[in-house]
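Working notes, beginning with the structure itself.
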Amino acid sequence: MSTNIAAQMNSVLAALVLLTAFGLLVQRRVYGLLHLFAWQGLFLSISTAVVGFVSSQHHLYISSVLTLALKVIVLPYILHTLIIRLKIHKEVETVVNVPATMLIGIALVIFSYHLTAPIRDLSTLVTKSTIAVALATVMLGLLMMITRRHAVTQIIGFLAMENGLFFAATSATYGMPLVVELGVALDILIAAFIFGIFFFHIRETFDSLDVEQMAMLKEED
Amino acid sequence: MNIIYPAAVEVLQFLILLFAAPVFVGWVRMLKCWFQGRTSAGLLQPHRDIMKLFYKDVVLAENASWIFRFTPYLVFGATAVAGGVIPILSVGLPLSATADIIALVALFTISRFFTALAGLDIGTAFGGMGSSREKTIASLAEPAMLMAIFTVSLVSQSTSLSQMVNVIAHGEFVLRPSLAFALLAFVLITLAETGRIPVDNPATHLELTMIHEAMILEYSGRHLALIEWAGMMKLFLFTALGIASFFPWGIAAAGDIAFLPVTTVLLLFKLILAGIGLVLIETGLAKMRLFRLTEFLGSAFLFATLGLLSYFILE
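Top to bottom, those sequences are chains S and X.
My numbering puts the first residue of the first sequence at 31, with every later residue one more than the last.
My numbering puts the first residue of the second sequence at -19, with every later residue one more than the last.
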């Protein structure tokens, strides 16, 4: 596998990550979101392995395996269990104005392209072209957190943002040091547990996972 | 020789278009029947339907204007010209220089525009409803279609179809995410433009859902035959356009007569596969609500734009 083919494969994988990010933005069903999130993790993991191969940075293989284990298997499994326990697996969220959200998403992609242009010009790495996609994935995750009202979908948006950050690290500097990556992985895992506990509390207090309800915390005056 | 040969291929391509289009539709219907556990009417049934319609008399409404009588010929003519421009068998055909891909989209749009006018012309409620729906879909599908095409044009640095085929088929093979996105968008647009299942149901006359059928409800006899035939050709041509833009391997180079048999066999193979793909989509999906179509075509636009962007970002 020559560097050229690997770079092309990495581009394709970056495109797939971007596609799943858009899919997350507009998917209505909770299960569909979970599947898309797992796919995004898988593409990310393969991409990390490819970059590790090209740059012969072998610690990236460990990151790749870690991503595979955590973001494709463990996190979706935890969220899946949560969704079953909370009995929201059949819920269909109302997503307001899908075409408008998509257009905003496209604008964000263009924005990230322009924002990362200086880095791209300076960088000499094979992965320099995917930085824009990584930043766009972060922004799309953020957009998802803003537009969605359901607590679970907001968490998936948050995790997608983390995916984007990880991708950005891989494409900008061939990954973070292994210690940092292990720390982040542990953080994410613990965050997932804490989210789970929060979900139950939110539901107990408000009888719903709709975060709009939290606006009613204010006392009437 | 150098003048006769391209013209001969052009004529051959026209003949293939005219006769293979109903067979392709027959193949799609046949597969669909098998998928649904029914007995099919055979590959040649669309041919027989068209022949039967040509023998029948035309019944014209009293208030039908020239637009109504003129439209079937215009639709058939525009579609046939489009068939001369798309490189189905070989690149560098005499007619391919007359229109690039943007003009090709315009050709399809002209026939669409006149079909909508004819639907309104008679003044029945169904015709007007069908025209209104058709225009809604057209206004959403057209930008997505152009974006998808621009992506392919960017990759090949040209809007001429022959040039696109040359660059993609004979250039160096590169994995291109932009083309994958454009293909995805193109498939969605093809479903919308040719009135296939998530958008329109080609097999029903149910008044609540029909779009294309509603516009041509008043046609009969040879007029209906021409419009139906043009519709079949449109499906064939969109498939051929998809093949030429995204899977052009096997389309003969200009003047390469010895390669034509291989091209024909490959074309047959690709069409069979395209039919299977189409039927899988149609059997797997239910018809979409009309108001959800903005999302469907919005995602086609999204894919096409992502293709365009990933050309700049990733390639």
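Just so it is clear, CB atoms sit at the ideal spot from N, CA and C, and this is done for glycine as well.
The structure displayed is predicted, hence computed values, not measured ones.
Fill in: Cβ-Cβ distance between S/A37 and X/I293 below 7 Å
Within the first sequence, the letter at position 7 stands for residue 37 of chain S. Within the second sequence, the letter at position 313 stands for residue 293 of chain X. Contact flag unset, no.
Worksheet entry | Rounded distance between the beta-carbons of S/L64 and S/L109, thought under 8 Å | Within the first sequence, the letter at position 79 stands for residue 109 of chain S. Within the first sequence, the letter at position 34 stands for residue 64 of chain S. Indeed they touch by this definition, with Cβ atoms about 6 Å apart.
Worksheet entry | Contact under 7 Å by Cβ, S/A68 with S/L170 | Here residue 68 of chain S refers to the residue found at position 38 when the first sequence is read from its first residue. Here residue 170 of chain S refers to the residue found at position 140 when the first sequence is read from its first residue. Cβ distance not < 7 Å, so S/A68 and S/L170 don't count as in contact.
Worksheet item: Counting Cβ pairs closer than 8 Å, one from the segment 254 to 269 of chain X and one from the segment 169 to 189 of chain X, do we hit at least three?
Response: yes
Worksheet item: Taking the C-alpha atoms as reference points, what is the distance between X/S45 and X/F94?
Response: Taking the first residue of the second sequence as 1, we reach residue 45 of chain X at position 65. Taking the first residue of the second sequence as 1, we reach residue 94 of chain X at position 114. Each residue's Cα considered, the two are about 13 Å apart.
Worksheet entry | Closest Cα partner of X/K214 within the set X/R176, X/A234, X/P228 and X/V245 | The residue you call residue 214 of chain X lines up with position 234 of the second sequence. Of the candidates X/R176, X/A234, X/P228 and X/V245, the one whose C-alpha sits nearest the C-alpha of X/K214 is X/R176.
Worksheet entry | Helix, strand or coil at X/D29 according to DSSP, with G and I counted as helix | As a first step, residue 29 of chain X is located in the second sequence; it is residue number 49 there, counting from the start. Of the three classes helix, strand and coil, the one that applies to X/D29 here is helix, per DSSP.
Discussion item. Given this structure, state the Cα-to-Cα distance separating X/Y35 from X/A1, to the nearest angstrom.
Written reply: Working through the second sequence from its first residue, we reach residue 35 of chain X at position 55. Working through the second sequence from its first residue, we reach residue 1 of chain X at position 21. Between X/Y35 and X/A1, the C-alpha separation is close to 20 Å.
Item to complete: Let me know the alpha helix (DSSP H) ranges lying completely inside the segment 142 to 189 of chain X, each 4 residues or longer, listed in chain order.
Response: 157 to 173
Item to complete: Would you please state the rounded distance, in angstroms, between the beta carbons of S/T78 and S/T131? I believe it to be under 8 Å.
Response: Within the first sequence, the letter at position 48 stands for residue 78 of chain S. Within the first sequence, the letter at position 101 stands for residue 131 of chain S. Contact flag wrong, Cβ pair sits at about 29 Å.
Worksheet item: Helix, strand or coil for S/H65 per DSSP?
Response: Mapped onto the first sequence, residue 65 of chain S falls at position 35. In the structure shown, S/H65 sits in a helix (DSSP, three-state: H, G or I).
Practice prompt. Indicate whether at least one CB of chain X lies closer than 7 Å to the CB of S/Q243.
Written response: Counting from 1 along the first sequence, the entry for residue 243 of chain S is found at position 213. It does not: the Cβ of S/Q243 has no partner Cβ on chain X nearer than 7 Å.
Worksheet item: Rounded C-beta distance between S/T157 and S/S201? I'm assuming under 8 Å.
Response: Position 127 of the first sequence, counted from the first residue, corresponds to residue 157 of chain S. Position 171 of the first sequence, counted from the first residue, corresponds to residue 201 of chain S. 4 Å between Cβ atoms; contact.
Item to complete: Could you work out which residues of chain X lie near S/A44, taking near to mean beta carbons separated by less than 9 Å?
Response: Start at 1 with the first residue of the first sequence, and residue 44 of chain S comes out as number 14. Correct list: P157, S290, I293 and L294.
Worksheet item: What separation, rounded to the nearest whole angstrom, lies between the Cα atoms of S/I113 and X/S133?
Response: What you label residue 113 of chain S is simply residue 83 of the first sequence in a count that begins at 1. What you label residue 133 of chain X is simply residue 153 of the second sequence in a count that begins at 1. Computed Cα separation, rounded: 45 Å.
Practice prompt. Go through its chain and collect everything with a Cβ distance to S/L165's Cβ below 8 Å, but skip five positions before and after it.
Written response: Walking along the first sequence from the start, residue 165 of chain S turns up at place 135. Closer than 8 Å at the Cβ level, and outside the excluded window around S/L165, lie S142, L145, T146, G194 and A198.
Item to complete: Taking all protein chains shown into account, decide if X/I237 is buried (16 or more other Cβ within 10 angstroms of its Cβ) or exposed.
Response: Locating residue 237 of chain X in the second sequence gives position 257, counting from the first residue. Exposed, by the Cβ-count rule.
Item to complete: Helix, strand or coil for S/D237, going by three-state DSSP, please let me know.
Response: The count along the first sequence starts at 1 and reaches residue 237 of chain S at position 207. Residue state, collapsed to three classes: coil.
Worksheet item: Can you name the residues of chain X whose CB is closer than 7 Å to the CB of S/A147?
Response: As a position in the first sequence, residue 147 of chain S is number 117, starting the count at 1. In chain order: nothing, as chain X lies at least about 10 Å away.
Fill in: S/P129: contacting residues in chain X (beta-carbon distance under 7 Å)
The sequence position of residue 129 of chain S within the first sequence is 99, counting from 1. Result: T274, E275 and G278.
Worksheet item: Which term fits X/T74, buried or exposed, when burial requires 16 or more other beta carbons within 10 angstroms of its beta carbon?
Response: Counting from one through the second sequence, the residue named residue 74 of chain X turns up at place 94. Per the sequence presented here, residue 74 of chain X reads as Pro, with Thr not at that position. The residue is exposed, with fewer than 16 neighbouring Cβ atoms inside 10 Å.
Discussion item. Is there a C-beta anywhere in chain S that falls below 7 Å from the one on X/L282?
Written reply: Here residue 282 of chain X corresponds to residue number 302 of the second sequence, with the count starting at 1. True, the Cβ-Cβ gap to chain S drops below 7 Å.
Practice prompt. Taking X/T139 as the query, report the chain S residues whose CB atoms sit under 7 Å from its CB, ordered along the chain.
Written response: Along the second sequence, read from residue 1 onward, the residue named residue 139 of chain X stands at position 159. Simply none; closest approach about 23 Å.
Worksheet item: Counting pairs of beta carbons, one from the segment 156 to 169 of chain X and one from the segment 275 to 283 of chain X, are three or more of them closer than 8 Å?
Response: yes
Item to complete: For X/L120, collect the residues of the same chain with a Cβ closer than 6 Å to its Cβ; drop the 5 residues on either side in sequence, then sort them by chain order.
Response: The residue you call residue 120 of chain X lines up with position 140 of the second sequence. So the list reads L277, once near-sequence residues are dropped.
Practice prompt. Report the neighbours of S/M132 on chain X: residues whose CB is nearer than 8 Å to its CB, in chain order.
Written response: Reading the first sequence from its first residue, position 102 is the one you call residue 132 of chain S. Result: G278, S279, F281 and L282.
Worksheet item: Should X/R176 be listed as close to the ligand ATP, given that the test is whether its C-beta is under 6 Å from any heavy atom?
Response: The model depicted lacks the ligand ATP and carries no ligand whatsoever.
Worksheet item: Are the Cβ atoms of X/S142 and X/S200 separated by less than 7 Å?
Response: Numbered from its first residue, the second sequence carries residue 142 of chain X at position 162. Numbered from its first residue, the second sequence carries residue 200 of chain X at position 220. Against a cut-off of 7 Å, the Cβ pair of X/S200 and X/S142 comes out as no contact.
Worksheet item: Between the segment 151 to 177 of chain X and chain S, which residues of the former have a C-beta closer than 9 Å to a C-beta of the latter?
Response: V154, L155, R156, P157, S158, A160, F161 and L164
Fill in: Any C-beta of chain S under 7 Å from that of X/T189
Counting from one through the second sequence, the residue named residue 189 of chain X turns up at place 209. Not closer than 7 Å to any Cβ of chain S, the Cβ of X/T189 fails to qualify, so no.
Worksheet entry | X/L69: contacting residues in chain S (beta-carbon distance under 9 Å) | Looking up residue 69 of chain X in the second sequence gives position 89. The premise fails here: X/L69 is roughly 31 Å from chain S at the closest Cβ pair, so nothing lies under 9 Å.
Worksheet item: Per DSSP, S/V42 forms a beta bridge with which residues?
Response: On the first sequence, position 12 is the one that residue 42 of chain S refers to. BP columns for S/V42 are empty, so no partner.
Discussion item. Please report the distance separating the alpha-carbon of X/A210 from that of S/L105.
Written reply: Working through the second sequence from its first residue, we reach residue 210 of chain X at position 230. Working through the first sequence from its first residue, we reach residue 105 of chain S at position 75. Roughly 52 Å between the two C-alpha positions.
Practice prompt. Keeping to the same chain, check which residues put their C-beta closer than 8 Å to that of S/V80; ignore five residues upstream and five downstream.
Written response: By one-based count along the first sequence, residue 80 of chain S stands at place 50. A36, M39, N40 and L43, listed in sequence order.
Fill in: C-alpha gap between S/H180 and S/F229, whole angstroms
Locating residue 180 of chain S in the first sequence gives position 150, counting from the first residue. Locating residue 229 of chain S in the first sequence gives position 199, counting from the first residue. Taking the straight line from one Cα to the other gives about 10 Å.
Worksheet item: Are there 16 or more other CB atoms within 10 angstroms of the CB of S/I224, so buried, or fewer, so exposed?
Response: As a first step, residue 224 of chain S is located in the first sequence; it is residue number 194 there, counting from the start. The residue is exposed, with fewer than 16 neighbouring Cβ atoms inside 10 Å.
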